[in-house]
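Just add 549 to wherever you are in the sequence shown, counting from 1, and you've got this note's numbering.
Yeah, the Cβ is synthetic: ideal placement off N, Cα and C, and Gly gets one too.
Written out below as structure tokens is the structure these notes cover.
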Amino acid sequence: MSDLSREPGSIIRYPDYEKLKAEVEKLRTELSMLVLERDELLLVQCRNIETAYMLNIGGLEYRAYETECTIARLKRKVALIQARMNRQEDVVLPKIEATLDKEFAEFQQQLNERLDKMNAAIERSRGAVSTREETLELKKLYRAVVKYLHPDLRPDLSGAKIKLFYNAVKAYENGDLNGLRIISAMVVQPTLPDSQPDGPALMAKEKERLKKLLETVK
């Protein structure tokens, strides 16, 4: 009797379907591990180095740049006043200050950006995962979320789940263990196609898609 023969109302059994299903899950697992490795480098290790640098050196750099900007502004102010006096024009300080504000707007923006980085580094240092056990749990939870919510691995995700994934990325980046715990608890493992007439074809297509995606991540 053919493997595809069946009694009325019974489930169709396709040869090698379970093997194909296992291969797809294996590819998803491998991809999730590669994504975790990449994000560990980009979101955690690089950020940790940046945070340590900002906490140890960033404050001094900010003060030095602030002083440099202050001196440059004062020199420019003196030059503007001297130019008006040479032309025998009235020296109106509010107008001069307004001119300086425009000329030094870019410097002020850079100062604000440096200050924002300092504040971010301070906040990150306060909320960072501290113990080895917590670090391992953070990675484990993030990998699980990647496996089940990454848009590349699950192209049929809803907009709400994609938003949930990016919230998980932010939580991982910030070392927010509790946040990742909540998101992980919300994740339900999606089911692969059942043994229906188009199941094997969909599974084979998904396998090829994941293999190509794997090559781009490596």
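Query - Under 8 Å between C-beta atoms of Leu569 and Leu702 - result: no
Query - Cβ pair Gly608, Met667 closer than 8 Å - result: yes
Report task. Have a look at Ala621 and Lys651 and give me their C-alpha separation to the nearest angstrom. Result -> 14 Å
Query raised in the report: Mind pulling the alpha helix (DSSP H) runs of 4 or more residues that sit fully within the stretch 662-738?
Result: 681-698, 708-722, 726-735
Report task. Have a look at Lys644 and Glu638 and give me their C-alpha separation to the nearest angstrom. Result -> 12 Å
Query raised in the report: Do Ala717 and Leu687 have their CB atoms nearer than 8 Å?
Result: no
Report task. Check the C-beta distance from Phe714 over to Pro704 and give it rounded, since I have them as a contact under 8 Å. Result -> Incorrect: roughly 12 Å between the Cβ atoms, too far for contact.
**Report entry** Distance between Leu585 and Gly708 (C-alpha atoms, nearest Å)
**Finding:** 22 Å
Query raised in the report: With distances taken between CB atoms, is the gap from Leu660 to Tyr614 smaller than 8 Å?
Result: yes
**Report entry** Own chain partners of Phe656 with C-beta closer than 7 Å, once the 5 adjacent residues on each side are dropped
**Finding:** Cys618
Query - Sequence-distant residues of the same chain with beta carbon closer than 7 Å to Val736, five excluded per side - result: Ala693, Val694, Tyr697, Leu698
Query raised in the report: Where does Glu638 sit, in a helix, a strand or coil, going by DSSP?
Result: coil
Query raised in the report: Three-state secondary structure (DSSP) at Thr740?
Result: Any reading at Thr740 needs caution, since the residue's pLDDT is 49, under 50, leaving its predicted position unreliable; the model's value is listed next. It is coil, neither helix nor strand.
Requested in this report: Compare the Cα-Cα distances from Asp665 to each of Tyr611, Leu706, Arg636, Thr616 and report the closest residue.
Outcome: Tyr611
Report task. Would you grab the beta carbon distance between Arg625 and Leu649 for me? Rounded to a whole angstrom, and I think it's under 8 Å. Result -> 6 Å
Report task. Taking the CB atoms as reference points, tell me whether Thr578 and Ala670 lie closer together than 8 Å. Result -> no
Query - Anticipated Cβ contact below 8 Å, Arg730 with Leu690, distance rounded - result: 6 Å
Requested in this report: Compute the Euclidean distance between the alpha carbons of Lys754 and Ile732, then round it to the nearest angstrom.
Outcome: 29 Å
Report task. Can you give me the Cβ contacts of Gln706 inside the same chain, cut-off strictly under 8 Å, excluding the 5 residues immediately before and after it? Result -> With the sequence shown as reference, residue 706 is identified as Leu, and Gln is not the correct amino acid for it. Once the five neighbours on either side are set aside, the close Cβ partners of Leu706 are Leu698, Pro700, Phe714.
Query - Burial state of Asn723, where buried means 16 or more other Cβ atoms lie within 10 Å - result: buried
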